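Peer 1:
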Amino acid sequence: MDRRTFFNHCAWVSLAPVALSASACNPSQSTPSASPVASDSLWVHTRPKDPSPLDKSMDEWRSILSEDEFYILFEAGTEPRGSSPLLEEKRTGTYICTACRLPLFPSKTKYESGTGWPSFWAPLEEQVETKKDMKLGYPRTEYHCTRCGGHQGHVFEDGPEPTGLRYCNNGLALAFVPADAPLPELRT
Ligand SMILES: [Zn+2]
Numbered sequence: 032m033d034r035r036t037f038f039n040h041c042a043w044v045s046l047a048p049v050a051l052s053a054s055a056c057n058p059s060q061s062t063p064s065a066s067p068v069a070s071d072s073l074w075v076h077t078r079p080k081d082p083s084p085l086d087k088s089m090d091e092w093r094s095i096l097s098e099d100e101f102y103i104l105f106e107a108g109t110e111p112r113g114s115s116p117l118l119e120e121k122r123t124g125t126y127i128c129t130a131c132r133l134p135l136f137p138s139k140t141k142y143e144s145g146t147g148w149p150s151f152w153a154p155l156e157e158q159v160e161t162k163k164d165m166k167l168g169y170p171r172t173e174y175h176c177t178r179c180g181g182h183q184g185h186v187f188e189d190g191p192e193p194t195g196l197r198y199c200n201n202g203l204a205l206a207f208v209p210a211d212a213p214l215p216e217l218r219t
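In our numbering, the protein residues as written are 32 to 219.
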């Protein structure tokens, strides 16, 4: 990040309605703060009321999901670049977790990143959690569904405004629900 971009980033942070980590303005920080935009305006569908955590065994998930879905969601796999039909999805609606069906991303934050994976500049508030991932030998920020813990992707600091973040998501870990269709019941 050059000096100008850095200060623009910090200017946005200072105006943000949520407290992004102060360390987001520390250029030595190599992993992004992945705080979502604190705004209910991003919701297309109605937010589910107090979804309880879903704790299934790996055997249960294996029997529910396809082999590829299980690999991505519960073995932190990555689908091949350019393989997701969701890359072409342009409609208004909500992207939900393939495993537990918790709404994770609104169509409002989806954008074309050119990476070959569905990309978003912010998730829905409080729907994803992050953790540090050293799998490739350098720090990355992994994120997963708060309800079932299913792995979704990684978040990077090269996204568009207003967050500057890029949530790089596996398409197989998401299902799309158009605005004119109801959200499916959360899986139990
Ligand atoms: Zn989930």
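The C-beta atom is built at its ideal place from N, Cα and C for all residues, glycine as well.
Nothing here was measured: the structure is a model prediction, and the numbers come from that model.
1. Going along the chain, which residues put their C-beta within less than 5 Å of some heavy atom in ligand 1?
2. Pairs of beta-carbons, one from the region 191 to 206 and one from the region 112 to 131, closer than 8 Å: are there three or more?
3. If I measure Cβ to Cβ from residue 216 and keep anything under 6 Å in the same chain, skipping five residues before and after, which residues do I get?
4. Could you give the DSSP three-state label for residue 205: helix, strand or coil?
5. Quick check on the burial criterion: 16 or more other C-beta atoms within 10 angstroms. Buried or exposed for residue 142?
6. By the 10 Å Cβ neighbour count, where 16 or more other Cβ atoms means buried, how is residue 77 classified, buried or exposed?
7. When you compare only the Cα positions, how much space is there between residue 147 and residue 114?
8. On the premise that residue 150 lies in contact with residue 112, defined as a C-beta separation below 8 Å, what is that separation, rounded to the nearest angstrom?
9. Closest to residue 181 by CA distance: which of 210, 71 and 89 is it?
10. According to DSSP, residue 197 sits in a beta bridge with which residue or residues?
11. Under the rule that 16 or more other beta-carbon atoms within 10 Å means buried, what is residue 80, buried or exposed?
12. For the beta strand (DSSP E) containing residue 160, name the first residue and the last one.
13. What does DSSP give as the partner residues of residue 230 in its beta bridges?
14. Going by DSSP in three states, residue 171 sits in which element: helix, strand or coil?
15. Within a Cβ cutoff of 6 Å, which residues of the same chain sit near residue 100, ignoring the five residues on either side of it in sequence?
16. Quick one: grab the DSSP three-state call for residue 216.
17. Give me the Cα-Cα distance between residue 199 and residue 137, rounded to the nearest whole angstrom.
18. Between which two residues does the beta strand (DSSP E) carrying residue 82 extend?
Peer 2: Taking the definition as stated:
1. 128, 130, 131, 133, 176, 178, 179 and 181
2. yes
3. none
4. strand
5. exposed
6. exposed
7. 7 Å
8. Actually they are not in contact, since the Cβ atoms of residue 112 and residue 150 sit about 12 Å apart, beyond 8 Å.
9. 89
10. 187
11. exposed
12. 159 to 164
13. Outside the shown range of the chain, which is 32 to 219, sits residue 230, and nothing can be said about it.
14. strand
15. 129 and 203
16. coil
17. 14 Å
18. Element bounds for residue 82: n/a, residue is neither H nor E.
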